[in-house]
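S.K.: Okay, handing you the structure first.
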Amino acid sequence: MKKKIDVYTDINEITNPPPFSNDKQFNKAMDSIRSFELRQMSCKIHDCKICKERRIEMQMSKHGDTFKRCHSDKYEVKMFSSEDVMDPQPQPLELQNLTDIEQQLICRISPCIHVHMLKHGGIASSGHCVTFPQEINEPAQICPSLPNEISTLKVRKLSLKHSSKEFRVRRKKYNLTLNG
């Protein structure tokens, strides 16, 4: 006896199975693929009203609008709720599409992590991560204020061996993020 499953996909999106073949192995493989597809379509996505998380097949509370984990949280301020101030808000327009260097220029802290190369070519980190406060007004004062003066900046980063590497920064985007 086969188990009945509920499919949470629009019936028009389900494609017809391929026609049967004389090859039994092909038919068996297609049956396995089809049963896998049906299992995937039977998964239901749940939304939690507290943590705003979306998960497949998460256990819901009796009320049905929150996850069991969030509902059984004993603390007054629920983790990842709006009161917890840990819910990331949409990114402001000024901060969208910034390059890595532009992000580093406006960042109030500068993290320092010890990273080394492994023998097989991989990258690993070890030890502690230290963050240093960074002055973000200094580059803003150096930046020209008239738009016709310059369109891009070259930021030079000095290394320990007194060598440097230049990075291009879009001046207009950088000023927009600081003033925006």
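Residue numbers (full-length UniProt numbering): 1 to 180.
No residue lacks a Cβ here, since even glycine has one placed at the ideal position from N, Cα and C.
#1: For the segment 98 to 105 against the segment 161 to 172, do three or more pairs of beta-carbon atoms, one drawn from each stretch, fall closer than 8 Å, so that the two count as touching?
#2: Consult DSSP for I56 and reduce its assignment to one of helix, strand or coil.
#3: Assess, as a yes-or-no matter, whether the segment 77 to 97 is touched by the segment 46 to 59 under the definition of 3 or more beta carbon pairs within less than 8 Å.
#4: Check T177 in the structure and name its three-state DSSP category.
#5: Under a three-way DSSP split, which group does F167 fall into?
#6: Terminal residues of the continuous alpha helix (DSSP H) containing I71?
#7: Go ahead and pull the three-state DSSP assignment for M117.
#8: Can you check whether the CB of C43 is closer than 7 Å to the CB of I33?
#9: Around the Cβ of C70, are there at least 16 other Cβ atoms within 10 angstroms (buried) or fewer (exposed)?
#10: In this structure, how does DSSP classify F132 when only helix, strand and coil are distinguished?
#11: With C-beta atoms as the reference, is K68 less than 7 Å away from Q59?
#12: For the candidate residues D31, K173 and C129, whose alpha-carbon lies nearest to that of E94?
M.R.: Checking against the coordinates, here is how it stands:
#1: yes
#2: Reading the sequence shown from its first residue, position 56 is the one you call residue 56. The answer is strand: DSSP assigns I56 an E or B state.
#3: yes
#4: As a position in the sequence shown, residue 177 is number 177, starting the count at 1. It is helical.
#5: Within the sequence shown, residue 167 is the residue found at index 167, counting from 1. Three-state result, F167: strand.
#6: Position 71 of the sequence shown, counting from 1, holds the residue named residue 71. According to the sequence as given, residue 71 is His; it is not Ile. Taken as a continuous stretch (DSSP letters only), the alpha helix (DSSP H) holding H71 covers K68 to H71.
#7: The residue given as residue 117 occupies position 117 in the sequence shown. Three-state result, M117: strand.
#8: Here residue 33 refers to the residue found at position 33 of the sequence shown. Here residue 43 refers to the residue found at position 43 of the sequence shown. Going by C-beta atoms, I33 is not nearer than 7 Å to C43.
#9: Position 70 of the sequence shown holds residue 70. That one is buried.
#10: Here residue 132 corresponds to residue number 132 of the sequence shown, with the count starting at 1. Note: F132 maps to strand in three-state DSSP.
#11: Stepping through the sequence shown from its first residue, residue 68 is reached at position 68. Stepping through the sequence shown from its first residue, residue 59 is reached at position 59. Contact flag set, yes.
#12: Taking the sequence shown and counting its residues from 1, the one referred to as residue 94 is at position 94. Of the candidates D31, K173 and C129, the one whose C-alpha sits nearest the C-alpha of E94 is K173.
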